[in-house]
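Enquirer: Sharing a structure, written as structure tokens. Questions coming.
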Amino acid sequence: MKAQTNPWPWVAATLIAQTGWGAYPVLARYLQTVSDLPSMSLVAMGNLLALLLLSFLILPNLNGRALRSPALWLFVLIVVGRGLSNFLAPRFTLSIYVQLITQMTPFIVAVLSTAVFHEHLPRYTGRAIVLCFIGAGLMMSGSFSGDNAAGGFTSSDWLGVGLATVSAFLLALYMIAVRRTARHHINGETLLFAQLLALGLSGLVLSFLTGEDWSQWANNSPKDWLVFAALVIGVFAASNILQIGAIRHLGSALVSSTMAWRLISALVLAALLLDERLTSLWQLMGTVLVLVTITWYLRQQTGSYTMKG
Numbered sequence: 000m001k002a003q004t005n006p007w008p009w010v011a012a013t014l015i016a017q018t019g020w021g022a023y024p025v026l027a028r029y030l031q032t033v034s035d036l037p038s039m040s041l042v043a044m045g046n047l048l049a050l051l052l053l054s055f056l057i058l059p060n061l062n063g064r065a066l067r068s069p070a071l072w073l074f075v076l077i078v079v080g081r082g083l084s085n086f087l088a089p090r091f092t093l094s095i096y097v098q099l100i101t102q103m104t105p106f107i108v109a110v111l112s113t114a115v116f117h118e119h120l121p122r123y124t125g126r127a128i129v130l131c132f133i134g135a136g137l138m139m140s141g142s143f144s145g146d147n148a149a150g151g152f153t154s155s156d157w158l159g160v161g162l163a164t165v166s167a168f169l170l171a172l173y174m175i176a177v178r179r180t181a182r183h184h185i186n187g188e189t190l191l192f193a194q195l196l197a198l199g200l201s202g203l204v205l206s207f208l209t210g211e212d213w214s215q216w217a218n219n220s221p222k223d224w225l226v227f228a229a230l231v232i233g234v235f236a237a238s239n240i241l242q243i244g245a246i247r248h249l250g251s252a253l254v255s256s257t258m259a260w261r262l263i264s265a266l267v268l269a270a271l272l273l274d275e276r277l278t279s280l281w282q283l284m285g286t287v288l289v290l291v292t293i294t295w296y297l298r299q300q301t302g303s304y305t306m307k308g
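The letter at position 12 of the sequence shown is residue 11 when you use numbering that gives the first Met the number 0, and the numbering goes up by one with no holes.
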């Protein structure tokens with residue numbers, strides 16, 4: 000009985016998943032701006048290949064009756080909107096900016112859960128929101144050292160930030176929806192099947208409707224293929240399945256409150272892969288403030304979960 004109520008194995012799985020999702024905008028930005036691969040073709044190829052890789056795990060546990068559930072179709076709509084906006088955002092702005100916007104997701108989840116589902120608002124949510132906004136402002140107050148960061152905040156950045164904001168709201172709905180689908184007896188494998196298939200097919204359709212040129216795939220270097228493999232295996236496959244499992248066991252509020260780990264992952268990989276890094280003391284202070292605030296918020300919620308368990 001004790002093992003069933005112990006949250007820490009799923010907290011560890013959450014951090015692994017968040018590492019992958021932290022790398023996601025960096026990998027997506029690299030493939031779209033450096034490898035110059037068409038965006039929707041990447042969405043299609045990445046998700047369909049991930050579905051193929053996970054078919055041995057998904058298909059034996061697929062719940063065919065659940066595929067007709069309205070709750071699942073609502074989940075699919077959220078997934079498509081979230082997936083497309085999240086993939087396009089780093090095409091137009093720095094991957095670090097995208098992760099900063101994503102840091103607001105835990106608070107969006109908490110507020111939506113309270114307003115719509117009348118759940119108890121986690122302690123210290125208001126204070127954490129204020130501190131994270133201050134930290135994000137400090138981080139965005141200076142430039143980054145990458146080639147694409149030298150021109151200041153442009154109209155392209157505003158578009159990317161706008162897409163990232165939409166994506167953050169949809170991610171909050173996604174996390175709530177994953178938890179709610181448990182009440183309709185829709186298992187994680189069926190959710191993942193619907194998610195990967197819907198994104199893969201929507202990317203494929205949009206790619207052909209917009210006339211994307213797939214010939215660029217033939218020009219991929221070994222590094223390009225390595226980055227693409229990291230996206231498919233590390234994010235679309237591993238991070239997806241770990242995140243869904245963690246949400247089902249820990250709840251959307253607790254899983255979303257580990258978002259700070261995504262920022263660490265993004266900062267490290269963006270510096271290595273895209274030469275995007277912090278350049279001022281104020282940015283460093285803002286980063287520390289966001290990380291400390293989210294970590295403190297997580298520990299408060301984890302402590303509450305453990306006492307309830």
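Glycine included, each C-beta is placed from N, C-alpha and C at the ideal position.
Using three-state DSSP, classify N62 as helix, strand or coil.
Expert: N62 falls in the coil class under three-state DSSP.
Enquirer: Mind pulling the alpha helix (DSSP H) runs of 4 or more residues that sit fully within the segment 34-84?
Expert: Correct list: 38-52, 54-57.
Enquirer: Assess contact between the segment 160-175 and the segment 82-90, defined as three or more Cβ pairs (one per stretch) separated by less than 8 Å. Is contact present?
Expert: Result yes; three or more Cβ-Cβ pairs closer than 8 Å.
Enquirer: Around the Cβ of G125, are there at least 16 other Cβ atoms within 10 angstroms (buried) or fewer (exposed)?
Expert: When all chains shown are included, G125 counts as exposed.
Enquirer: Would R298 be called buried (16 or more neighbouring beta carbons within 10 Å of its own) or exposed?
Expert: So R298 ends up on the exposed side.
Enquirer: Which residue marks the beginning of the alpha helix (DSSP H) containing A193, and which one marks its end?
Expert: First-last of the alpha helix (DSSP H) with A193: 187-208.
Enquirer: From N5, G161, G45, pick the residue whose C-alpha is nearest to that of L30; which is it?
Expert: The residue with the shortest Cα to Cα distance from L30 is G45.
Enquirer: Please classify R67: is it buried, with 16 or more other beta-carbons within 10 angstroms of its beta-carbon, or exposed?
Expert: Its Cβ having fewer than 16 others within 10 Å, R67 is exposed.
Enquirer: If you reduce the DSSP assignment to three classes, tell me which class T257 lands in.
Expert: Looking at T257 - three-state DSSP - the assignment turns out to be coil, as it is neither helix nor strand.
Enquirer: Tell whether a beta-carbon distance below 8 Å holds between I246 and V234.
Expert: No, the pair does not count as a contact, with Cβ atoms beyond the cut-off.
Enquirer: Can you say whether L273 is buried or exposed, counting buried as having 16 or more other CB atoms within 10 angstroms of its CB?
Expert: With 16 or more Cβ atoms within 10 Å of its Cβ, L273 is classed as buried.
Enquirer: Which value, in whole angstroms, describes the spacing of the CA atoms of L130 and S214?
Expert: Answer to the nearest angstrom: the Cα atoms are 46 Å apart.
Enquirer: Tell me, to the nearest whole angstrom, how far the beta carbon of S320 is from that of T13; I am working on the premise that it is less than 8 Å.
Expert: Residue coverage of the chain in this structure runs from 0 to 308, which leaves residue 320 outside it and unanswerable.
Enquirer: By DSSP, does D274 sit in helix, in strand, or in coil?
Expert: Three-state DSSP puts D274 in coil, outside helix and strand.
Enquirer: R122: buried (16+ other C-beta within 10 angstroms of its C-beta) or exposed?
Expert: With fewer than 16 Cβ atoms within 10 Å of its Cβ, R122 is classed as exposed.
Enquirer: Closest to S94 by C-alpha separation, out of L241, L268, L203, would be which residue?
Expert: Nearest C-alpha to S94: L268.
Enquirer: Using 10 angstroms around the beta-carbon of V115, count the other beta-carbons present and answer buried if the total reaches 16, otherwise exposed.
Expert: With fewer than 16 other Cβ atoms within 10 Å, it is exposed.
Enquirer: In whole angstroms, what separates the C-alpha of A16 from that of T209?
Expert: So the two alpha carbons sit approximately 32 Å from each other.
Enquirer: Starting from the C-beta of T292, find all residues in its chain whose C-beta is less than 7 Å away, skip the five residues before and the five after it, and write them out in chain order.
Expert: A127, L130, C131, G134, listed in sequence order.
Enquirer: How far does the alpha helix (DSSP H) with P221 in it reach, from first residue to last?
Expert: Counting along the chain, the alpha helix (DSSP H) containing P221 begins and ends at 221-228.
Enquirer: Taking the CB atoms as reference points, tell me whether S112 and I185 lie closer together than 8 Å.
Expert: Not in contact: S112 and I185 (Cβ atoms no closer than 8 Å).
Enquirer: Using a 10 Å radius around the Cβ and a threshold of 16 neighbouring Cβ atoms, would you call T257 buried or exposed?
Expert: Under this definition T257 is a buried residue.
Enquirer: Could you give the first and the last residue of the continuous alpha helix (DSSP H) run that contains L30?
Expert: Where L30 is concerned, there is no enclosing alpha helix (DSSP H), given that its DSSP letter is neither H nor E.
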